[in-house]
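Here's the structure we're looking at; comments come further down.
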Amino acid sequence: MINITIDNKPLQVEKGITILKAARAAGVEIPTLCYYELDGIILENRPGGCRICVVEVEGRRNLAPACATEVMEGMKINTHSLRVVNARRTVLEMILSDHPADCLICPKSGNCELQDLAQRLGVREIPYQGEQSTYRKDTSRAIIRDIDKCVMCRRCETVCNVWQTVGALSAVNRGFEAVVAPAFEQDLEKSPCTYCGQCIMACPVGALSEVDNTRQVITAISNPKKTVIVQTAPAVRVALGEEFGYEPGTIVTGKMAAALRKIGFDYVFDTDFAADLTIMEEGTELLTRISKFMAGDKNVKLPILTSCCPGWVNFFETNYPDMLDVPSTAKSPQQMFGAVAKNYWADKLGIKREDMVVVSIMPCVAKKFECSRDEFKENGNPDVDFALTTRELAELIRQFNIDFESLEEADFDKPLGESTGAAVIFGATGGVIEAATRTAYEIFTKKSLPKIDFEELRGLEGVRKATVDFDGTPIHIGIAHGLANARKLLDEVRTGKSNFHAIEVMACPGGCIGGAGQPFHHGDFSIIEKRFAAIYREDAGKAIRKSHENPFITALYKDWLVEPCGEISHHLLHTHYFDKSKHIEVEG
Amino acid sequence: MAKVKLAESKINKIKEICANFGNLPGEAINVLHKVQGEFGYLPAEVQEVVAHELNVSVAHIYGIVTFYSFFTMLPKGEHPISVCTGTACYVRGAEKVLDEFKRELKIAVGETTADGKFSISCLRCVGACGLAPVVLIGEKVYGRVTPDGVKDILNEYRNA
Ligand code: SF4
Ligand code: SF4
Ligand code: SF4
Ligand code: FES
Ligand code: FES
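Chains as they are written, first to last, in numbering that gives the first Met the number 0: chain R, 0 to 587; chain S, 0 to 159.
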């Protein structure tokens, strides 16, 4: 420990930490812009470039960036001296002089760190009038890059490279021409981007945002000829409340269902129902592979990899094209729901699939890309028409002037709205594999689980490994969140060093609860931890906690699907993968 | 699945250069320097191979290529024109000479004419200040060049 003073307050702090961290620990807020940290997953962007965080260190001639300067014994730091306040404002005015002032219609407005800074530092006019850099807007199926708004903090680049090891983005060019862009400044659709959207989550400004589909959804609801169905992913219910002032980790399932009904959806269903269905299909696939393996079949592919995260699916199609037969062929819950809705439910209602619009509310940006994939369409009509993020739903609720707080809690509609605790935990890292384990155990051992909670599969460490005892048969399970962590497990599979039976992968920090469509957390990892805890609380409170015990799932098999991985399932609930890598070939 | 096509000999040459630098990501600048020395420029396909060999993203390699002005993604012309813009040449009107080349060839600095014959680049002092302003075409040195003389110089190569 060393002694320093911050704003005349004597403090004892750990050696080697930055002034910024020392100040934050002491409750002194130093503004930042380029600095970004998610401490729960040990991710840090610290280029020390924007200089918004400058402070005065007694005895030093120049102001020091607090985010990049380590504390030293006896240091006397002033975080808001006259000199600092002036310098900080000048720095900000310079940044603003090359920034479009169209906050009125910016997707980040209200959540923008630059806007906050301008307010906090009291900027009312921009004295520097310079040339503004302009760059073409790049619109992909899920993400919009509006680089005119970029402040070159490089937070996106760090997330994409370090947490995801995707490397879609890099700072390119120099000086005034510098931008963050994919290789050869091509569009994102031509890059290895997975559409995980974590760069949007990290971006302090509106330079990166998700494609907004709220208009189209309102149009569909307004059309009396359309039956509009909505499904909500598990992670949404533990985060949506944040948009309306609730503590992170508040469960708002009932209010969410009520709000959706008020907005005018004809049926309010639950992706959780489809998550239970996913477990039936994927669990069966897992058991089939294990039984074949135990019977001595050397061709069987183990471990099975989960396939419900579209960011992850995009990643392995680009990076592991040699292993396309390893992941489960089960569609994601979003797409299973869409397939059931447009085939089974449309049939029950006696309407054509073209007259049904399926909307999903997702914590996810990659889901927008997923529902646009050609293999999830029939004659051009998609199984899921629009995927909205949690944030877009909040926007709709505000647009319809719904007072969220005073809403009476409501239930989902039946039959596609009934689900179990196993489905809820899909929202957290480790949850899909725990749900699968609950079901696979009982089918495999023909015994009832002694204990439903598999604590060994839970947690927020990047890579987790556990062995579950299937009544004498040890089943080895691997779990990763973040594609960098997934890569570690995948490389072991590729080289044959892996002894896992099953691996679960989620692209986002903490799983979907930390998805890029969720309310912005601005680097506060404790928010993700609280959502994580809420997911398991919601599970514990459910009457039924195993997917195969969902009576509506059993009924669906009886009424329509016949059996898991059967004929109909094969056509409608399973998919296949494509080689999306770039091959370097010899010219010929 | 997208394909990147390149002649085998080129791929092998790039691989060899990368290997000489231990395939280390930290050596990217040196590798690119050598590769450019070999091919004269760094087209996209070449950058893809370098990225693959050094196990870094293509975006990262492109970031380096666009950051340092000595890297170029365009092939040099058959007759590369280098105008010295060092102090002595500058004072003696190199800028005007440069403008005349750009006007005559209708290309900017760093570009190559559509027929691939000429490209223009700028150089720092080439050590012939006594002859300022100085222009190099390939290896050949032209001294005391005036804007009016540009056309004549180009004509030496135009019909060659
Ligand atoms: S969406 Fe994900 S993969 Fe794509 S650029 Fe952003 S961080 Fe990288
Ligand atoms: S796009 Fe956003 S996160 Fe990326 S460098 Fe620009 S401002 Fe920063
Ligand atoms: S972890 Fe969840 S939110 Fe993130 S990309 Fe995957 S499915 Fe989407
Ligand atoms: S926040 Fe410290 S330099 Fe940008
Ligand atoms: S400045 Fe041109 S040769 Fe020296």
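All C-beta atoms, glycine included, are put in the ideal place defined by N, C-alpha and C. Everything numeric in this text was worked out from a predicted model, so none of it was measured.
**Asked** MET361 (chain R) lies in the beta strand (DSSP E); which residues open and close that run?
**Response** Start and end: 355-361.
**Prompt:** Heavy atom of ligand 2 less than 7 Å from the Cβ of ARG173 (chain R), yes or no?
**Reply:** Answer for ARG173 (chain R): no, Cβ out of range of ligand 2.
**Item:** the stretch 226-237 of chain R / the stretch 269-278 of chain R touching (three or more Cβ pairs under 8 Å)
**Value:** yes
**Asked** Taking Cβ-Cβ distances below 8 Å as the criterion, which residues of the stretch 153-170 of chain R are in contact with chain S?
**Response** ASN160, VAL165, GLY166, ALA167, LEU168, SER169, ALA170
**Asked** Any beta-carbon of chain R closer than 8 Å to the one on LYS162 (chain S)?
**Response** As displayed, chain S neither begins before 0 nor continues past 159, which places residue 162 (chain S) out of reach and without an answer.
**Request:** Would you identify the three-state DSSP class for PHE469 (chain R), choosing helix, strand or coil?
**Result:** strand
**Message:** For a contact defined as C-beta to C-beta under 7 Å, what are the partners of THR65 (chain S) on chain R?
**Reply:** Under a criterion of Cβ atoms nearer than 7 Å, the residues of chain R adjacent to THR65 (chain S) are, in order, VAL171, ASN172.
**Message:** I need the DSSP call for TYR89 (chain S), collapsed to helix, strand or coil.
**Reply:** In the structure shown, TYR89 (chain S) adopts helical secondary structure according to DSSP, grouped into three states.
**Request:** Report whether the distance from the Cβ of MET505 (chain R) to the nearest heavy atom of ligand 3 is below 7 Å.
**Result:** yes
**Message:** Is there a Cβ of chain R sitting closer than 8 Å to that of TYR231 (chain S), yes or no?
**Reply:** Residue 231 (chain S) cannot be examined here, being either before or after the span of chain S that is shown, 0 to 159.
**Same chain, Cβ closer than 6 Å to GLY282 (chain R), five either side skipped, listed in chain order** = ALA435, THR438, ALA439.
**Message:** Residues in the same chain with beta-carbon distance under 6 Å from ILE125 (chain R), minus the five sequence neighbours each way, listed in chain order, please.
**Reply:** GLU92, LEU95, SER96
**Where the alpha helix (DSSP H) through HIS575 (chain R) begins and ends** = That residue, HIS575 (chain R), is in no alpha helix (DSSP H); it is neither H nor E in DSSP.
**Prompt:** Taking C-alpha atoms, which residue in S:THR111, S:ILE119, S:ASP114 lies nearest to GLU99 (chain S)?
**Reply:** S:ILE119
**Asked** Does ALA58 (chain S) have its Cβ less than 8 Å from a Cβ in chain R?
**Response** yes
**Asked** Taking all protein chains shown into account, do 16 or more other C-beta atoms lie within 10 angstroms of the C-beta of ALA539 (chain R), making it buried, or fewer, making it exposed?
**Response** exposed
**Message:** By the three-class DSSP mapping on this structure, what secondary structure does HIS582 (chain R) have?
**Reply:** strand
**Prompt:** Taking only beta-carbon atoms, is GLU124 (chain R) less than 8 Å away from chain S?
**Reply:** no
**Prompt:** Within the present structure, is the beta-carbon of MET200 (chain R) separated from the nearest heavy atom of ligand 2 by less than 7 Å?
**Reply:** No, ligand 2 has no heavy atom inside 7 Å of this Cβ.
**Message:** Is GLN398 (chain R) near ligand 1 - that is, is its Cβ less than 7 Å away from at least one heavy atom of it?
**Reply:** no
**Asked** Mind listing which residues of the stretch 508-531 of chain R have their C-beta closer than 8 Å to chain S's C-betas, in chain order?
**Response** none
**Prompt:** Taking 7 Å as the cut-off, does the CB of ALA365 (chain R) come closer than this to any heavy atom belonging to ligand 3?
**Reply:** yes
**Prompt:** Which residues share a DSSP beta bridge with PHE117 (chain S)?
**Reply:** S:HIS78
**Asked** How long is the line joining the alpha carbons of HIS569 (chain R) and TYR34 (chain R), rounded to whole angstroms?
**Response** 48 Å
**Request:** Please list, in chain order, all residues of the same chain as GLU391 (chain R) whose beta carbon is under 6 Å from its beta carbon, the five residues on each side excluded.
**Result:** Contacts found: THR213.
**Request:** Report the neighbours of ILE28 (chain S) on chain R: residues whose CB is nearer than 7 Å to its CB, in chain order.
**Result:** Within chain R, no residue comes near ILE28 (chain S); the closest Cβ sits about 14 Å away, beyond 7 Å.
**Asked** Beta-carbon of GLU47 (chain S) versus every beta-carbon of chain R: anything under 8 Å?
**Response** Residue-level contact by beta carbon holds for GLU47 (chain S) and chain R, with a gap shorter than 8 Å.
**Request:** Closer than 6 Å by C-beta to ASN160 (chain R): which residues in its own chain qualify, once you throw out the five before and the five after it? Chain order, please.
**Result:** GLY166
**Item:** Residues of its chain near PRO64 (chain R), where Cβ-Cβ distance is below 7 Å and the 5 sequence neighbours each way are ignored
**Value:** GLY47, ARG50, CYS52, VAL53
**Under 7 Å (Cβ pairs) to chain S, residues found in the stretch 197-212 of chain R** = none
**Nearest-angstrom Cα separation, counted from VAL210 (chain R) out to CYS102 (chain R)** = 17 Å
**Prompt:** For GLY85 (chain S), which residues from the same chain have a beta carbon less than 6 Å from its beta carbon, with the 5 sequence-adjacent residues on both sides left out?
**Reply:** ARG123, CYS124
**Request:** Determine the direct distance from the alpha carbon of LYS14 (chain R) to that of VAL55 (chain S), and round the result to whole angstroms.
**Result:** The straight-line gap from Cα to Cα measures roughly 34 Å.
**Asked** Quick one, which of R:LYS261, R:LEU304, R:GLY129 has its alpha-carbon nearest ASN400 (chain R)'s?
**Response** Measuring from the Cα of ASN400 (chain R), the nearest candidate turns out to be R:LYS261.
**Request:** Assign LYS367 (chain R) to buried or exposed, taking buried as 16 or more other Cβ atoms, counted over all protein chains shown, within 10 Å of its Cβ.
**Result:** buried
**Message:** Under DSSP, the alpha helix (DSSP H) around VAL178 (chain R) begins and ends at which residues?
**Reply:** Unbroken run through VAL178 (chain R) is the beta strand (DSSP E), 178-180; no alpha helix (DSSP H).
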